[in-house]
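*Asks:* Quick one: the structure is below, and I'll ask about it shortly.
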Amino acid sequence: MSDELQGRAAHIAAIRERAEAEMKAIGIDGAFIGTLVDTFYGRILEHPELGPVFDARLSGRWPEHMAKMKSFWSSVAFRNGAYGGKPVQAHLGVANMTPELFPKWLELFAATLDDIAPSPEAKAWFMTTADRIARSLTLSLFYNPALDDPALKQA
Ligand code: HEM
Numbered sequence: 001m002s003d004e005l006q007g008r009a010a011h012i013a014a015i016r017e018r019a020e021a022e023m024k025a026i027g028i029d030g031a032f033i034g035t036l037v038d039t040f041y042g043r044i045l046e047h048p049e050l051g052p053v054f055d056a057r058l059s060g061r062w063p064e065h066m067a068k069m070k071s072f073w074s075s076v077a078f079r080n081g082a083y084g085g086k087p088v089q090a091h092l093g094v095a096n097m098t099p100e101l102f103p104k105w106l107e108l109f110a111a112t113l114d115d116i117a118p119s120p121e122a123k124a125w126f127m128t129t130a131d132r133i134a135r136s137l138t139l140s141l142f143y144n145p146a147l148d149d150p151a152l153k154q155a
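Numbered per our numbering, the sequence shown spans residues 1 to 155.
Next up, the structure:
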C-alpha cells in the first residue's frame, strides 16, 4: 500500500474509533441499534396512519427493510460505511406519503426513545439526527417554490 493510501486508511480508522467511543460514552452500541430498529418499526406497524403507508410498500420485504435500517443507523452512528443506499430515491413514489407524516414519524421515534434509550444524551443524539434527516427528506420530496413565500411565514 502506498504511504498516501496507508495515511488515508489510518485517518478513516481514526474517525470510526472516535465515533464508536463517542457513541459508547452515551450508551449507544450495535446491540442498542438493533433493539431500537426492532421496537420502532414494531410501533410503526401499529400506528394508524404510518403503519399502512409502510406496510403497503414493504409487504413481503420487511426483513430486508429491518436489516437495511440497522445498517443505516450503524453507519450514521459509527461512521462505518455499513449503509450505501440512497434514501431520497427510496422514498420516491411511496404511495400516500405526505409532509404531515414526518412530524408523526418523529413523535413516535421520540416516544420510543423515551421508553428505551440508554441515556438522555442518546435520545438527544438520535432525535437531532432524525430531525435533520427528516427535514432534508421533506425538502427533497416536497419542496415547492410556489409555496415558498416569505410573506406566508410572517402570518
Ligand atoms: C413519514 C415518514 C417516513 C415514511 C412514510 C417512510 C417510509 C419508508 C419506506 C416505505 C421505505 C421503504 C422503501 C423501499 O424499500 O421500497 C423507507 C426506507 C427508508 N427510510 Fe423511510 N420513511 C419515513 C421517514 C424516514 C426518516 C425520518 C428516515 C431517517 C431518519 C428514513 C430513513 C429511511 C432509510 C435509510 C430507508 C432505506 C432506504 C434504502 O432502501 O436504501 N425514513 N422509508
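Even glycine gets a Cβ: it sits at the ideal position worked out from N, Cα and C. In this text, all values refer to a predicted model and were calculated from it rather than measured experimentally.
If you follow the alpha helix (DSSP H) that V53 is part of, which residue opens it and which one closes it?
*Replies:* The residue you call residue 53 lines up with position 53 of the sequence shown. Taken as a continuous stretch (DSSP letters only), the alpha helix (DSSP H) holding V53 covers 50 to 58.
*Asks:* In or out: S119 buried (at least 16 other Cβ within 10 Å) or exposed?
*Replies:* As a first step, residue 119 is located in the sequence shown; it is residue number 119 there, counting from the start. Flag for S119 reads exposed.
*Asks:* To the nearest angstrom, how far is it from the Cα of D29 to the Cα of M23?
*Replies:* For the purposes of this step, residue 29 is taken as the residue at position 29 of the sequence shown. For the purposes of this step, residue 23 is taken as the residue at position 23 of the sequence shown. Distance between the alpha carbons of D29 and M23 is about 7 Å.
*Asks:* Is L139 near the ligand HEM, with its Cβ less than 6 Å from a heavy atom?
*Replies:* Along the sequence shown, one-based indexing puts residue 139 at 139. The ligand HEM has no heavy atom closer than 6 Å to the beta-carbon of L139.
*Asks:* If you drop the 5 nearest sequence neighbours on each side, which residues of the same chain put their C-beta closer than 7 Å to that of E4?
*Replies:* In the sequence shown, the residue the question calls residue 4 occupies position 4. So the list is empty, once near-sequence residues are dropped.
*Asks:* If distances are taken between C-alpha atoms only, which option among A13, R43, A14, A10 comes closest to D115?
*Replies:* Working through the sequence shown from its first residue, we reach residue 115 at position 115. Out of A13, R43, A14, A10, R43 has the C-alpha closest to the C-alpha of D115.
*Asks:* If we call anything under 7 Å between Cβ atoms a contact, is L108 one with A134?
*Replies:* The residue you call residue 108 lines up with position 108 of the sequence shown. The residue you call residue 134 lines up with position 134 of the sequence shown. Not in contact: L108 and A134 (Cβ atoms no closer than 7 Å).
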